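Q: Sharing a structure with you now.
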Amino acid sequence: MTGRGTDDPEGKAAFREFVRAHHPDVGGDPAEFAEGLARFRAREPAESEVDSRYDAPVSFVVNRRGIAAVLARWRRHRRPPRVR
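In terms of my numbering, the sequence shown is residues 461 to 544.
Here it is, written out as structure tokens:
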């Protein structure tokens with residue numbers, strides 16, 4: 461179908477043409493539409509079950525609170541500019 465990583469313009473065009481012609485909302489037969497979707501899904505490569513976007517390590521950020529945080533913000537604010 462037209463999922464992520466699909467760079468086949470002819471395949472995308474064929475899928476869109478099929479959907480426009482056979483979708484039940486435009487008067488197509490629902491059973492024929494389901495069969496066609498199954499055929500298109502069988503032609504595309506199976507997606508990997510593990511999505512690598514979520515493999516990054518988890519890091520936690522602790523924001524300081526109280527007087528130490530107030531002083532740190534004040535010092536950053538009062539610091540001279542870093543331009544020459």
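Using N, Cα and C, we set each Cβ at its ideal position, and we do this for glycine too.
The structure presented is a predicted model; accordingly, all values stated were derived computationally and were not measured.
#1: Straight-line CA distance for D485 to A498?
#2: Contact check, H483 vs F493 under 8 Å by CB: the rounded distance?
#3: Any idea what DSSP makes of S519, helix, strand or coil?
#4: Return the chain-ordered list of same chain residues with a C-beta closer than 8 Å to the C-beta of A532, the five sequence neighbours on each side being excluded.
#5: So, R503 versus G471, is the Cβ gap smaller than 9 Å?
A: On the basis of the coordinates in this document:
#1: Each residue's CA atom was taken as its position, placing D485 and A498 some 18 Å apart.
#2: Indeed, because the Cβ distance is near 6 Å, the residues count as touching under 8 Å.
#3: Of the three classes helix, strand and coil, the one that applies to S519 here is coil, per DSSP.
#4: Closer than 8 Å at Cβ, skipping near neighbours: R524.
#5: Taking 9 Å as the Cβ cut-off, R503 and G471 qualify as a contacting pair.
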